[in-house]
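Novice:
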Amino acid sequence: MVKTQDNNVESSSNLREQRLEKLAKLKEKGIDPYPYGFERTHRVGEIQEKFKDLEDGERTDFVASVCGKVHNQRNDWMFVDLFDEDGKLQLFSDAKTRPEELKELLPLFDKGDYIGVTGKIRKTPRGEVTLDIEKITLLSKTLQPLPEIVEGKKRRLGIADVETRYRQRYLDLIVNPESKDRLRKRALMVQEIRNYLDSRGFLEIETPILNTEAGGASAKPFITHHNTLDMDMYLRIATELHLKRLVIGGFERVYEIGRIFRNEGISIKHNPEFTSIELYQAYTDVTGMMDLTEEMLKYVCDKVLAKLKFEYQGTEIDFSKPFERISMQEAVKKATGKELFGVELNEAFEAHVEKTLIQPTFIYDYPVEISPLAKRHRDEAKSEAGFVERFELFIYGRETANAFTELTDPLDQKERFLMQGKQREEGDEEAHIYDQDFITALEYGLPPTGGMGLGIDRLAMFLTDAASIRDIIAFPTMKQQV
RNA sequence: GCGCCAGUAGCUCAGGGGUAGAGCACUCGGCUUUUAACCGAUUGGUCGAAGGUUCAAAUCCUUCCUGGCGCACCA
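As C-alpha cells, this is what we get:
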C-alpha cells in the first residue's frame, strides 16, 4: 500500500477519532494540549546515572521533573515508559492511590503523547529506576497512533517498510533506534572532521550553490532559473573551482562541507543530492594530501567508533595499519599483466581492480585524460607517459576520496579545458566545461596547492554499517506520490 | 533506461480462484509493583490503482502507480 500521510489519516480514522475526542475533552477541562514549555530539572540519562546504584526497592526523597514521549503504558497507567533523547525512564502511578486529578487526566492521554512529570525517584524491587508520578502535564497531544517501538529483540517491532521509513523519517526515528543511531553517528563524524581541520588552521568558507556554469567535476547538473535575472542557473556539481579561487585570494587552508547535486541515477550508493568535503592546502601536494587523508580518517574513525577496525556488511575494514599505496599502472599490471596507458588504463582499472580494493588503498598516478584539474607528474618520464599527480582512496571497492596536486599553470589549464571540450563534442555530456573566469583567476597566481575531496555520505555508510546511502541521509530523494 | 521482486487492519505478517485471517496496538472488562506484564471480550479492510477473464478474483491476465534489489551512469 502506498502510505501517504493522508492515507494514514483516512485509514486510521477510528484511532484518530478517539484521540480527537480526548483532545476536545482536554480543552473542555481548560487544559492546553499544546503548551509552551516545561521546567525540566533532569534529563532521563541524568536520573538513570545518578540512581543506578540504589538498592532494589530503595526509595529516595529526591524530586525530579522530567519530560518526554510516552512509548508504552501498562496496567492502566500504573507503569509508563517515558523517553527523552537519552532513553527511557519508568514512571509509576498506583490506580488506587493516585490523586483525583490524575484519575481524570490519565484516560485522556495516549501512547505517543509528550508529557512532563514531577515526582520522587526510587528503584522498584525488580531493579528499575522509577519516578513516582505526583504531577503530570500534557506537553503535546498526538492524534496519530504510534507504531510499535523496538526495544527488545524478542519480537519484530518498529517499521520495516522501507518506503515508510524514508517518506516518514520521523516515524522511523521514533520507533527504530538504529536509524537514530546512524544519523547521530553521522553528525558526530562531521563534527570530528571539522575539529580535525579547524585545529590545523583550516577555515570553512561557503561557496555558491547557484552557478552560471557547473564545473569542477564531470557530471550532469540540475538546471534552475532565476526570475529577476531571467537566467538559467546550475546547481553545483563540485565546490572545487570556487575553493581554489579562495586559495588564489590568499586563504592558505580552506575547506567546505556542503551539498552537491548531480542529475544522475539513484542507487544504493547514489543520491541526487549528497554531501562532500573538499579541502585545499597551499604549499603541499598529492603526497601531503595522502598523509592528511589517512590521518584524518583514522582520527575520525577513532573518535566516532572508539576503535580502528569495524565491520562493514560482514567484512572487517581495518584502519589500524598504514593504508596501502600503489600506482594505478602497477595495480592493473598485477591484475592483468598488461602495461596500459591513458583511458585504456583507467578502464582496465575499473573493470579488474576497483572491486578488489576492500581494505583502504590509495591508487595514485592517474591518466591526464580523466584528470583535467591535476598537475602533470613532476617525474618527466611519467609526465610524458600522460600521468598526473592524483590519487583516489578506495574502501570496500568504492571510491571514497579523490585528491591531486592542483594544476596551477593557467596556460596548461586552458589546454585541459579545451581537451575536455573536444570530448564533449564527441558526445561525452559529462566532460568538464570550459571556465574562462577560472583561468583568469589562475593567471593571478595559485600557489603550489594540494586538494582533496571526500564523500561524506559514503564515509558515514562505512562507519554506521549502512547498506544504502538512504540510510544515512535523513530525507533521501523520493518520487512524488500521485 | 532495462530486468527481477514486493505492496493485505494503526504496526508486523499469513492466505495464492469459493464467507478477509493471526499476533500486537486501539476500546471495554478483570488482575494490580509490571518489564513484550498477564487473562477475557469487542472493534478494526476499496487486499496499491484501473481494466479484463470467470458463476465467483486478494488470488489468474493486462496496464499503471509506489518501493526494494541488480545492471547501466556516476561519487
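Numbering (numbering that gives the first Met the number 0), first residue to last: 0 to 481. We put the CB at the ideal spot given by N, CA and C, even for glycine. Please read all numbers here as calculations on a predicted model, not as lab measurements.
1) Who are the near neighbours of Asn71 in its chain, counting only those whose CB is closer than 6 Å to its CB and skipping five residues on each side?
2) Just verifying my parser: in three-state terms, what is the DSSP assignment at Asn210?
3) Can you check DSSP and say which residues form a bridge with Lys87?
4) Can you check which of these residues, Tyr254, Phe386 and Tyr35, is closest to Lys140 by C-alpha distance?
5) I need the straight-line Cα distance from Leu228 to Asp434, nearest angstrom please.
6) Could you tell me if Ala490 is buried or exposed, where buried requires 16 or more neighbouring beta carbons within 10 angstroms of its beta carbon?
7) Go ahead and pull the three-state DSSP assignment for Phe474.
8) Below 8 Å between beta carbons: does that hold for Met477 and Arg185?
9) So, using beta-carbon positions, are Tyr195 and Met295 closer together than 8 Å?
10) Enumerate, from N- to C-terminal direction, the unbroken alpha helix (DSSP H) stretches of 4 or more residues contained entirely within the stretch 114-192.
11) If Ile468 and Asn270 are in contact, beta carbons under 8 Å, what's the gap, nearest whole angstrom?
12) Could you check the C-alpha separation between Lys308 and Leu187 for me, to the nearest Å?
13) What are the start and end residues of the beta strand (DSSP E) that includes Asn345?
14) Inspect the beta-carbon positions of Leu441 and Pro409 and report whether they are closer than 8 Å.
15) Can you tell me which of the three DSSP states Thr335 falls into?
16) Do you know offhand how far Leu107's Cα is from Leu53's?
17) Taking Cβ positions, are Ala63 and Met77 nearer each other than 8 Å?
18) Arg377 to Val161, Cα distance in whole Å?
19) Contact check, Thr314 vs Tyr254 under 8 Å by CB: the rounded distance?
20) Is the beta carbon of Phe348 sitting closer than 8 Å to the one on Gly385?
21) Do the CB positions of Ile132 and Leu90 come within less than 8 Å of each other?
22) Which residues bound the alpha helix (DSSP H) around Lys308?
23) Let me check one thing: in DSSP terms, what residues is Arg389 bridge-paired to?
24) Measure the C-alpha to C-alpha separation of Arg261 and Arg168 and round it to an integer number of angstroms.
25) Roughly how many angstroms separate the alpha carbons of Trp370 and Thr223, rounded to a whole number?
26) Please classify Tyr233 as buried or exposed, where buried requires at least 16 other C-beta atoms within 10 Å of its C-beta.
27) In the stretch 10-98, which residue ranges form an unbroken beta strand (DSSP E) of at least 3 residues, counting only runs that do not cross its ends?
28) On the criterion of 16 or more Cβ atoms from any shown chain inside 10 Å, does Leu209 qualify as buried, or is it exposed?
29) Pick out whichever of Ala334, Phe390, Ala465 and Gln412 has its Cα sitting closest to the Cα of Thr439.
Specialist: Put simply:
1) Locating residue 71 in the first sequence gives position 72, counting from the first residue. The answer, listed in chain order, is Asp80.
2) For the purposes of this step, residue 210 is identified with residue 211 of the first sequence, where counting begins at 1. DSSP places Asn210 within a strand segment (E or B) once states are collapsed to three.
3) Here residue 87 corresponds to residue number 88 of the first sequence, with the count starting at 1. DSSP lists Phe82 as partners of Lys87.
4) For this step, residue 140 is matched to residue 141 along the first sequence. Of the listed residues, the one whose Cα sits closest to Lys140 is Tyr35.
5) As a first step, residue 228 is located in the first sequence; it is residue number 229 there, counting from the start. As a first step, residue 434 is located in the first sequence; it is residue number 435 there, counting from the start. Our two residues, Leu228 and Asp434, have alpha carbons roughly 21 Å apart in a direct line.
6) This structure leaves residue 490 out entirely; the chain is present only between 0 and 481.
7) Along the first sequence, one-based indexing puts residue 474 at 475. Of the three classes helix, strand and coil, the one that applies to Phe474 here is coil, per DSSP.
8) Residue numbering aside, residue 477 sits at position 478 when the first sequence is read from its first letter. Residue numbering aside, residue 185 sits at position 186 when the first sequence is read from its first letter. No. Outside cutoff.
9) Along the first sequence, read from residue 1 onward, the residue named residue 195 stands at position 196. Along the first sequence, read from residue 1 onward, the residue named residue 295 stands at position 296. In this structure, Met295 lies closer than 8 Å to Tyr195 by Cβ.
10) Secondary structure in the stretch 114-192: the alpha helix (DSSP H) runs of 4 residues or longer, each lying completely within the stretch, are 161-166 and 168-174 in chain order.
11) Locating residue 468 in the first sequence gives position 469, counting from the first residue. Locating residue 270 in the first sequence gives position 271, counting from the first residue. About 5 Å; that satisfies the 8 Å criterion.
12) Position 309 of the first sequence holds residue 308. Position 188 of the first sequence holds residue 187. Distance between the alpha carbons of Lys308 and Leu187: 18 Å.
13) Locating residue 345 in the first sequence gives position 346, counting from the first residue. For Asn345, there is no enclosing beta strand (DSSP E); the residue is found in the alpha helix (DSSP H) stretching over Gly341 to Ala347.
14) Here the question's residue 441 lines up with position 442 in the first sequence. Here the question's residue 409 lines up with position 410 in the first sequence. Yes, the Cβ-Cβ distance between Leu441 and Pro409 is below 8 Å.
15) On the first sequence, residue 335 is found 336 positions in, with the first residue counted as 1. For Thr335, the three-state secondary structure derived from DSSP is helix.
16) Counted from its first residue, the first sequence places residue 107 at position 108. Counted from its first residue, the first sequence places residue 53 at position 54. Straight across, the Cα-Cα distance linking Leu107 with Leu53 is about 33 Å.
17) Here residue 63 refers to the residue found at position 64 when the first sequence is read from its first residue. Here residue 77 refers to the residue found at position 78 when the first sequence is read from its first residue. 8 Å or more divides the Cβ of Ala63 from the Cβ of Met77.
18) Reading the first sequence from its first residue, position 378 is the one you call residue 377. Reading the first sequence from its first residue, position 162 is the one you call residue 161. The alpha-carbon separation between Arg377 and Val161 amounts to approximately 50 Å.
19) As a first step, residue 314 must be located in the first sequence, where it is residue number 315. As a first step, residue 254 must be located in the first sequence, where it is residue number 255. So it is not a contact: roughly 30 Å between Cβ atoms.
20) By one-based count along the first sequence, residue 348 stands at place 349. By one-based count along the first sequence, residue 385 stands at place 386. The answer is no: Cβ separation not under 8 Å.
21) Residue mapping note: residue 132 aligns to position 133 of the first sequence, counting from 1. Residue mapping note: residue 90 aligns to position 91 of the first sequence, counting from 1. Result yes, Cβ atoms of Ile132 and Leu90 sit closer than 8 Å.
22) In the first sequence, the residue the question calls residue 308 occupies position 309. Note, Lys308: premise wrong, no alpha helix (DSSP H); beta strand (DSSP E) at Lys308 to Tyr311.
23) Locating residue 389 in the first sequence gives position 390, where the first residue counts as 1. Answer is Phe403.
24) Locating residue 261 in the first sequence gives position 262, counting from the first residue. Locating residue 168 in the first sequence gives position 169, counting from the first residue. When only Cα atoms are considered, Arg261 and Arg168 end up about 23 Å apart.
25) Numbered from its first residue, the first sequence carries residue 370 at position 371. Numbered from its first residue, the first sequence carries residue 223 at position 224. With the sequence shown as reference, residue 370 is identified as Ser, and Trp is not the correct amino acid for it. Whole-angstrom Cα-Cα distance: 28 Å.
26) Residue 233 sits at position 234 when you count from the first residue of the first sequence. By the 10 Å Cβ count, Tyr233 comes out buried.
27) Listed in chain order, they are 58-73, 78-83 and 86-91.
28) Numbered from 1 along the first sequence, position 210 holds the residue referred to as residue 209. The residue in question, Leu209, is exposed, as its Cβ has fewer than 16 Cβ neighbours within 10 Å.
29) As a first step, residue 439 must be located in the first sequence, where it is residue number 440. Answer by Cα proximity: Gln412.
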